[in-house]
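Residue numbers (our numbering): 31 to 174.
The beta carbon of each residue, even a glycine, is placed where N, CA and C say it ideally should be.
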Ligand code: RB5
């Protein structure tokens, strides 16, 4: 599974830390930026990442970071086939995979620190979709 990662300027430092963490775990990373703390508009990065993930036919998931995680999650969820989950705790991240088959994790750099963020990322990446029919039915309704 490839991980497409991106942030705006507010999320840059946390994005870099999460990227290094995942590289250390041997995860295949595609970083769509930003690459500095210069002011950047979160819709640009979130749209680019979400479009890549939606076109990957399930071979990629995403991690998007801005100040709160709200802006990147709103933007990513405008892209068809994207189910972006804003999580500030590992339980939400786990259930977003188990119940919602979320394919993008959004976090806020002004909300979570690096150790909590690692736990959220671990929960997201290690949890499969349950495949339960009632959850699949609800996801199908989102697609409709
Ligand atoms: C940037 O200051 C901030 O507005 C952005 O990172 C994000 O929090 C928006 O949702």
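message: So within the region 110-169, which uninterrupted beta strand (DSSP E) runs reach at least 3 residues, ignoring any that extend past its ends?
response: 114-116, 134-138
query: Can you tell me whether DSSP reads residue 103 as helix, strand or coil?
result: helix
task: Would you mind sorting residue 154 into buried or exposed? The rule is 16 or more other CB atoms within 10 Å of its CB.
output: buried
message: Taking 8 Å as the cut-off, does the region 130-146 touch the region 43-50 (at least 3 CB pairs, one atom from each stretch)?
response: yes
message: Can you look up residue 108 in the DSSP assignment and give me helix, strand or coil?
response: coil
- prompt: Considering only residues of the region 42-73, which uninterrupted beta strand (DSSP E) runs meet the minimum length of 3 residues and lie entirely inside it, listed in chain order?
  reply: 58-61
field: Straight-line gap, residue 148 to residue 130 (C-alpha atoms, nearest Å)
entry: 21 Å
- request: Flag this pair as yes or no: are the beta carbons of residue 62 and residue 85 separated by less than 7 Å?
  value: no
- prompt: In or out: residue 50 buried (at least 16 other Cβ within 10 Å) or exposed?
  reply: exposed
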